[in-house]
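**Q** Before I ask anything, let me first share the structure, which is written out below as structure tokens.
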Amino acid sequence: MLKIFQNKSSKILLRIIGVILFLIILTKINLSLMLNTLLNANFFYIFTAMIVAFFVLLIKAYRWQLLMIKQDINISLLNSILVYSASLYHGIITPGRIGEF
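Following the numbering used here, the numbering of the sequence shown begins with 1 at its first residue and continues without gaps.
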């Protein structure tokens, strides 16, 4: 990571900035409209999407595990799921999904 973000006070400052940005975003959202939309959502579709997303994650993590085995790196399926999930998170928060790489 960048050198300025290596000390403890910089990490605390980044967390504080993150919380402040989150609170600013919350003030801009119409919470009653969002709650109304969620309550009117078809939960069958939401549940189905969550199940499909889980299986996609499982298949991609398994594929990653097979690539690791080809490199003589033994990793459990649970650890490959955790590592792949972390890469998805980093891919989401970085521009161009470079964090997933």
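The beta-carbon is built from N, C-alpha and C at its ideal position, and this holds for glycine as well. Quick caveat: nothing in here was measured; it's all calculated off a predicted structure.
(1) Evaluate contact between the stretch 57-70 and the stretch 27-45, counting only Cβ atoms and requiring at least three cross-stretch pairs below 8 Å.
(2) Excluding the 5 residues preceding and the 5 following S80 in the sequence, name in chain order all residues of the same chain whose CB lies nearer than 8 Å to its CB.
(3) From A86 to T94, what distance separates their C-alpha atoms?
(4) Looking at the structure shown, is A49 part of a helix, part of a strand, or coil, going by DSSP?
(5) What does a CB cutoff of less than 8 Å around I17 pick up in its chain, not counting 5 residues either side in sequence?
(6) Do you know how far the Cα of M50 is from the Cα of F44?
**A** Taking the geometry as given:
(1) At 8 Å Cβ cutoff, the stretches do not touch.
(2) Closer than 8 Å at the Cβ level, and outside the excluded window around S80, lie A61, Y62, W64, Q65, M68.
(3) In this structure, the CA atom of A86 is about 12 Å from the CA atom of T94.
(4) If DSSP states are grouped into helix, strand and coil, A49 belongs with the helices.
(5) Closer than 8 Å at the Cβ level, and outside the excluded window around I17, lies no residue.
(6) Rounded to whole angstroms, the separation of the alpha carbons of M50 and F44 is 10 Å.
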